[in-house]
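The sequence shown: position 149 = 433 (my numbering), numbered continuously.
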Amino acid sequence: DSNTHRHLTEFVGLDFEMPIAEHYSEVMDVLDRLFVSMFTGLNARCAAELAAVNEQYEFAPLRFAPVTPRLTFEEGVAMLAAAGVEVDPLGDLSTEAERALGKLVAEKLGVDFYILHRYPAAARPFYTMPCADDARYSCSFDVFIRGEEIISGAQRVHDAALLEARALECGVVPDTIRGYLDAFKFGATPHGGLGVGLERVVMLFAGLDNIRKTSMFP
Numbered sequence: 285d286s287n288t289h290r291h292l293t294e295f296v297g298l299d300f301e302m303p304i305a306e307h308y309s310e311v312m313d314v315l316d317r318l319f320v321s322m323f324t325g326l327n328a329r330c331a332a333e334l335a336a337v338n339e340q341y342e343f344a345p346l347r348f349a350p351v352t353p354r355l356t357f358e359e360g361v362a363m364l365a366a367a368g369v370e371v372d373p374l375g376d377l378s379t380e381a382e383r384a385l386g387k388l389v390a391e392k393l394g395v396d397f398y399i400l401h402r403y404p405a406a407a408r409p410f411y412t413m414p415c416a417d418d419a420r421y422s423c424s425f426d427v428f429i430r431g432e433e434i435i436s437g438a439q440r441v442h443d444a445a446l447l448e449a450r451a452l453e454c455g456v457v458p459d460t461i462r463g464y465l466d467a468f469k470f471g472a473t474p475h476g477g478l479g480v481g482l483e484r485v486v487m488l489f490a491g492l493d494n495i496r497k498t499s500m501f502p
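If you want it as structure tokens, here you go:
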């Protein structure tokens, strides 16, 4: 359903996949440097444009740190529980819970941009790598601006046998994706990546209330 304040039927997407040497935190390191550089550059080079937007739609400048704060999903659940917001510790966060957590992070850490990682495996696709120390959790992350998600990413399962086993566990019939599964039998390095819709980034960076204000022809 694209009929929401933050979805478009067509959008400009930024996606990347990269090899991982040791840990999925390497993917978060890259996205951290990328978006801090983007935000810094927007403030430095687009001050006149941002001022023009601010005259029509007044907004507070985005608060972000030189190194983006990272919370585990468990830490986020604990913060919500302490504030009286109950969520399933091994499920996904609702939109309302995400917004509540965004407010808590803003109050406690003074930033509007942060990363939540190590999501429950049950809340992620079958091709997401489980955590080596606890298979209830996964090597995955979401990134938020002002309490709204802009990025989902993860380390992908690169081992063909584990990938097929995970598909079965998640109710995916292997023969329906046989070409995808067989491709990994040729060998694949550990890898991960992410996807982000850039109109949503602009909407939240500029504190707008609707993503259609960021697209010439929504």
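From the three backbone atoms N, C-alpha and C, an ideal C-beta is built for every residue, glycine too.
What is the residue span of the beta strand (DSSP E) that Leu-400 lies within?
Reading the sequence shown from its first residue, position 116 is the one you call residue 400. Its beta strand (DSSP E) spans residues 397-401.
Closest by C-alpha distance to Pro-355, when choosing among Ser-424, Asn-327, Leu-334 and Glu-453:
As a working mapping, residue 355 is identified with position 71 in the sequence shown. As written in the sequence, residue 355 is Leu, which differs from the Pro given in the question. When each option's Cα is compared against that of Leu-355, the closest is Ser-424.
Who are the Cβ neighbours of Arg-420 in its own chain at under 7 Å, not counting the five residues just before and after it?
Against the sequence shown, residue 420 aligns to sequence position 136. Hits under 7 Å: Leu-374, Pro-404 and Ala-405.
Between Pro-350 and Gln-439, what straight-line distance do the alpha-carbon atoms span, to the nearest angstrom?
Indexing the sequence shown from 1 puts residue 350 at position 66. Indexing the sequence shown from 1 puts residue 439 at position 155. Distance between the alpha carbons of Pro-350 and Gln-439 is about 24 Å.
Span of the beta strand (DSSP E) around Ser-436
The residue labelled residue 436 in the question sits at position 152 within the sequence shown. Boundaries of the beta strand (DSSP E) harbouring Ser-436: 432-440, taken from the DSSP string.
Residue from Phe-501, Ser-309, Arg-484 and Lys-392 whose Cα sits closest to the Cα of Phe-428:
Here residue 428 corresponds to residue number 144 of the sequence shown, with the count starting at 1. It is Arg-484 whose Cα lies nearest to the Cα of Phe-428.
Helix, strand or coil: which one does DSSP assign to Tyr-464?
Within the sequence shown, numbered from 1, the residue matching residue 464 stands at position 180. Tyr-464 falls in the helix class under three-state DSSP.
If you draw a straight line from the C-alpha of Phe-468 to the C-alpha of Phe-300, how long is it?
Against the sequence shown, residue 468 aligns to sequence position 184. Against the sequence shown, residue 300 aligns to sequence position 16. Cα to Cα, Phe-468 sits roughly 19 Å from Phe-300.
Which residue wins for smallest C-alpha separation from Leu-446, given the options Leu-334, Ala-490, Met-413 and Ser-436?
Locating residue 446 in the sequence shown gives position 162, where the first residue counts as 1. Taking only the C-alpha atoms, the option nearest Leu-446 is Met-413.
Enumerated in chain order, which unbroken segments of the beta strand (DSSP E) with a length of 3 residues or greater are wholly contained in the stretch 356-422?
With a minimum length of 3 residues, the continuous beta strand (DSSP E) runs that stay inside the stretch 356-422 are 397-401.
My output table needs one value for Arg-354: the three-state DSSP class, helix, strand or coil.
Here residue 354 corresponds to residue number 70 of the sequence shown, with the count starting at 1. In this structure, Arg-354 counts as strand in the three-state DSSP scheme.
Leaving out the 5 sequence neighbours to the left and right, which residues in its chain are closer than 8 Å to Phe-323 when beta-carbon positions are compared?
The residue given as residue 323 occupies position 39 in the sequence shown. Closer than 8 Å at Cβ, skipping near neighbours: Leu-346, Phe-348, Phe-397 and Phe-489.
Nearest-angstrom Cα separation, counted from Asp-459 out to Ser-321:
Taking the sequence shown and counting its residues from 1, the one referred to as residue 321 is at position 37. Taking the sequence shown and counting its residues from 1, the one referred to as residue 459 is at position 175. Using only the alpha carbons, I get a separation of about 43 Å.
Apart from the five residues on each side of it in sequence, which residues of its chain come closer than 7 Å, Cβ to Cβ, to Gly-477?
Taking the sequence shown and counting its residues from 1, the one referred to as residue 477 is at position 193. Contacts found: Asp-299, Phe-300, Glu-301, Met-302, Val-311 and Gly-437.
Skipping 5 residues on each side, what residues in its chain have a beta carbon closer than 8 Å to that of Asn-327?
Indexing the sequence shown from 1 puts residue 327 at position 43. Cβ neighbours of Asn-327 beyond the five flanking positions: Leu-334 and Pro-345.
Taking the C-alpha atoms as reference points, what is the distance between Ile-399 and Val-371?
Within the sequence shown, the letter at position 115 stands for residue 399. Within the sequence shown, the letter at position 87 stands for residue 371. Rounded to whole angstroms, Ile-399 to Val-371 spans 18 Å at the Cα level.
Integer Cβ distance of His-442 from Pro-474, believed to fall under 8 Å:
The residue labelled residue 442 in the question sits at position 158 within the sequence shown. The residue labelled residue 474 in the question sits at position 190 within the sequence shown. 5 Å between Cβ atoms; contact.
Pull up the CB-CB distance for Asn-494 and His-289, whole angstroms please, since I reckon it's below 8 Å.
Residue numbering aside, residue 494 sits at position 210 when the sequence shown is read from its first letter. Residue numbering aside, residue 289 sits at position 5 when the sequence shown is read from its first letter. Sure, about 5 Å apart at Cβ, within 8 Å.
What does the alpha-carbon distance come out to for the pair Asp-313 and Gly-455?
In the sequence shown, counting from the first residue as 1, residue 313 sits at position 29. In the sequence shown, counting from the first residue as 1, residue 455 sits at position 171. If I take the Cα positions, the gap works out to 33 Å.
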